[in-house]
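The structure appears below as structure tokens.
Residue numbers (this note's numbering): 2 to 147.
Structure (structure tokens):
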């Protein structure tokens, strides 16, 4: 093989491997939804599992979990109405019902989780700030927990 033929073969192999790495096929698992994004705009909302096709380098796929998800925050300080400090640890269960809306508002599942964290922490601070420490831990605990 000549030097020129070797270079051409090498270029073809490199291009082939590059295109193979940017496969037009993608899989949506049974526990996932997917949004196909073309040039920053969602073009397809996929809710069924299976093998799908996309245009390499032009379309990207963003996955969202269908399952019931856990939100568990780090313990944080909250101040009660009587100016006492509580160390608050909380959790929530949540699910993505409309992945297209989540993508349009937050782009990723992680972005939605961060917004959820902000809302939950803010609401807990407001609610617990309306009550005295004694009400929170003893007398009105059941009502506040609702």
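Quick reminder that beta carbons are idealized off the backbone N, C-alpha and C, glycines included.
- Secondary structure at residue 40: coil, using DSSP grouped into helix, strand and coil.
- For the pair of segments examined, the region 72 to 90 was found to touch the region 130 to 137: the number of CB pairs separated by less than 8 Å reaches three.
- Per DSSP, reduced to three states, the secondary structure at residue 131 is coil, with no helix or strand assignment.
- It is roughly 21 Å from the alpha-carbon of residue 132 to the alpha-carbon of residue 119.
- Assigned with DSSP and collapsed to three states, residue 97 falls in coil, not helix or strand.
- Annotation: residue 69 to residue 10 spans about 51 Å, alpha carbon to alpha carbon.
- DSSP places residue 119 in the helix class (H, G or I) of the three-state scheme.
- The residue among 109, 80, 129 and 61 with its C-alpha nearest the C-alpha of residue 28 is 61.
- Nearest C-alpha to residue 43 among 111, 115 and 104: 104.
- Per DSSP, the beta bridge partners of residue 34 are 65.
- Residue 47 carries a strand assignment under DSSP once its states are collapsed to helix, strand and coil.
- One thing to note: residue 37 has its Cβ within 8 Å of the Cβ of residue 55.
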